[in-house]
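Numbered per our numbering, the sequence shown spans residues 4 to 397.
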Amino acid sequence: MHLILLTAWTVLWFFVVEPHGGFSWHYLRTGGELIYQGSSGDGTGGLNLYAHHPELQMGPLSFLTAGLFNPFPEATGQFLAAALMSLLGLVIVVLAGRSAAHHFLGTGTNHQRLRQRVLIAGLAFIPMWIEVAVRFGHLDDVLALFFTALAVRSLTRGHAALTGAFLALAMDSKPTALAFVPLLLALPRDKWLRAGLWCAGLVAVAWLPFFLGDSQSFAAAKFAIPNHPASALRWLGVGDPETPGWDRPAQAALGLALGSLAVWRGRWAAVVLLGANARIVLDPSVYTYYTASVLLGTLLWDVIGQRRLVPWWSWIALILLYGSVFAVPDDSARGLIRLAFVAASTAYVLFWPVRERGSRDGRGRRRPPARTDEGPATSLRAGATPSAEPPAGP
């Protein structure tokens, strides 16, 4: 039932937003045309793409995928892409639920309550997903977050190679996914090398040909955008009119540092939220689609990182980061709200007491605690042995 409700919620938002959607799809369509040119055309496509078009800040995997829609008429291709990206949002919610079910396997978790948690958090996640997928048509963000959700699913199952591969595909879709790499550290230590090699290898396969083919491709890393008055960066005292040269490296470093700290604290489910926080607190722009990555972070935290029935952080993020765009007219006030959300949510997920962080066994799952704060979904008869198979989770 929770999936039926979430599907209906997605369809409703899709048809409300789609007539006015595709704001940024032209970037993907252009990049999709250029990347398939090879040596043909005017020489600005193929492996020369980033050297001649630094404004195309998406990863090569995003352009390769976007190019699959180019044979269709532009309006048709955009509609089909928006429909596919909307569907991936539902898949992400399912992946988050299944990841949580496997993560809590053997802890006596009430899976009916877990489904309710997924439903409530998903109702907050879907509007922001439609924002990035339909209104803006940012296939790069969609793919990066989708592959990150797959990496989380692989992590909960203890699959090192898949976890590394999916994180690499996320970075091949959008470079900002680098902030989610600390998820690798949540694997058992003896699996770090294998996961890291898969991750580094697939990133190299996707990106190195462009930098080896044309050294001017590094220009894409220096592409600057205006520093918006509503950005949290302004409240941090950065008054530069455009992106400072140190800003992008600082975003990546802050995301990696916070994510690593979260894993060290036993709160790996907060890695995506912290990586997204690092982006929005240091980014000079304030596009609403940025909030989709924050909502994926709160979704994972609310269903995996804690056991509360009501996923407060998903709704707090939606109201403060998205609702303030319409309810707060002052740019400076909106910037302060963004900064306050980042500070509060970061402090909470890193330092607020959370029950049953638990340790992990060799398969990457937490060990069953002595007692739980949620009763089991069904009681066992005296002498009965719990099944070793995972229950049907969300």
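No residue lacks a Cβ here, since even glycine has one placed at the ideal position from N, Cα and C.
Fair warning: this is a prediction, and the values are worked out from it, not measured in the lab.
Practice item. Within its chain, find whatever has a CB closer than 6 angstroms to the CB of A198; leave out the 5 residues flanking it on each side and keep chain order. Key: Same-chain partners within the cutoff: A163, T166, G167, L187, L190.
Check your understanding: DSSP on F18, reduced to helix/strand/coil?
Key -> Note: F18 maps to helix in three-state DSSP.
Review point. By a C-beta neighbour count over all protein chains shown, 10 Å radius and 16 as the cutoff for buried, is P22 buried or exposed?
Key: exposed
Practice item. Compute the beta-carbon to beta-carbon distance between V145 and M88, rounded to the nearest angstrom, for a pair I have assumed lies under 8 angstroms. Key: Right, their Cβ atoms sit about 5 angstroms apart.
Review point. From what residue to what residue does the alpha helix (DSSP H) around S327 run?
Key: S327: member of the alpha helix (DSSP H) spanning 327 to 330, first to last residue.
Review point. Beta-carbon separation of V241 and W304 under 8 angstroms?
Key: no
Review point. Cβ atoms of A127 and S317: under 8 angstroms apart, would you say?
Key: Against a cut-off of 8 angstroms, the Cβ pair of A127 and S317 comes out as a contact.
**Study point:** First and last residue of the uninterrupted alpha helix (DSSP H) at F66
**Key:** 63 to 69
Check your understanding: Of the residues P178, L196, V208, A343, which one's Cα is nearest the Cα of L324?
Key -> A343
Exercise for review: Over the uninterrupted alpha helix (DSSP H) stretch that includes S234, give me the two end residues.
Suggested key: S234 -> no alpha helix (DSSP H), and no H or E assigned at all.
**Study point:** Continuous alpha helix (DSSP H) stretch holding E77: start and end
**Key:** 77 to 106
Check your understanding: DSSP state of E134, grouped into three classes?
Key -> Helix.
Check your understanding: For E36, which residues of its own chain have a beta-carbon under 8 angstroms away from its beta-carbon, when the five flanking residues on both sides are left out?
Key -> Counting only Cβ-Cβ distances below 8 angstroms, and skipping sequence neighbours, we find G48, G70, N73.
Practice item. Please go through the same chain and pick out, in chain order, the residues whose beta-carbon is closer than 7 angstroms to the beta-carbon of F26, but skip the five residues on each side of it. Key: Here the set comprises R138, F139, G140.
Point to revise | Residue environment, L8, which counts as buried when at least 16 other CB atoms sit within 10 Å | key: exposed
Check your understanding: Per DSSP, E245 forms a beta bridge with which residues?
Key -> P229
Exercise for review: Tell me whether D45 sits in a helix, a strand or coil according to DSSP, three-state version.
Suggested key: coil
Exercise for review: Pull up the CB-CB distance for V306 and R101, whole angstroms please, since I reckon it's below 8 angstroms.
Suggested key: Not quite, the Cβ-Cβ distance comes to about 10 angstroms (not below 8 angstroms), so this is no contact.
Check your understanding: Considering only the beta carbon of each residue, do A279 and V266 sit closer than 8 angstroms?
Key -> no
Check your understanding: Is Y39 helix, strand or coil when you go by DSSP?
Key -> coil
Exercise for review: Go ahead and pull the three-state DSSP assignment for Y290.
Suggested key: coil
Exercise for review: At 4 residues or longer, and completely inside the segment 254 to 316: list those alpha helix (DSSP H) runs for me, N to C.
Suggested key: 274 to 285, 294 to 303
Exercise for review: Could you check the C-alpha separation between V357 and P178 for me, to the nearest Å?
Suggested key: 31 angstroms
Review point. What are the boundary residues of the alpha helix (DSSP H) that includes L353?
Key: 334 to 354
Check your understanding: Three or more C-beta pairs closer than 8 angstroms, one from the segment 225 to 233 and one from the segment 282 to 293: is that the case here?
Key -> yes
Review point. If we ignore side chains and look at the alpha-carbon of each, how far apart do T10 and N113 end up?
Key: Each residue's alpha carbon lies about 23 angstroms from the other.
Check your understanding: For R282, which residues from the same chain have a beta carbon less than 8 angstroms from its beta carbon, with the 5 sequence-adjacent residues on both sides left out?
Key -> T179, A182, Q254, G258, Y293, S296
Check your understanding: Under the three-state reduction of DSSP, which class applies to P185: helix, strand or coil?
Key -> DSSP places P185 in helix when its eight states are reduced to three.
Check your understanding: Does the distance from the C-beta atom of L172 to that of A84 stay below 8 angstroms?
Key -> Cβ distance not < 8 angstroms, so L172 and A84 don't count as in contact.
Point to revise | Local conformation of M4 per DSSP, three classes | key: DSSP, read as helix, strand or coil, puts M4 in coil.
Check your understanding: First and last residue of the alpha helix (DSSP H) that includes V208?
Key -> 195 to 216
Check your understanding: Which value, in whole angstroms, describes the spacing of the CA atoms of F329 and G204?
Key -> 43 angstroms
Review point. So what does DSSP say about N73, is it helix, strand or coil?
Key: coil
Practice item. Can you grab the Cα-Cα spacing for the pair A136 / R337, in whole Å? Key: 23 angstroms
Check your understanding: Roughly how many whole angstroms lie between the Cα atoms of A104 and L215?
Key -> 44 angstroms
**Study point:** N51, DSSP secondary structure in three states
**Key:** helix
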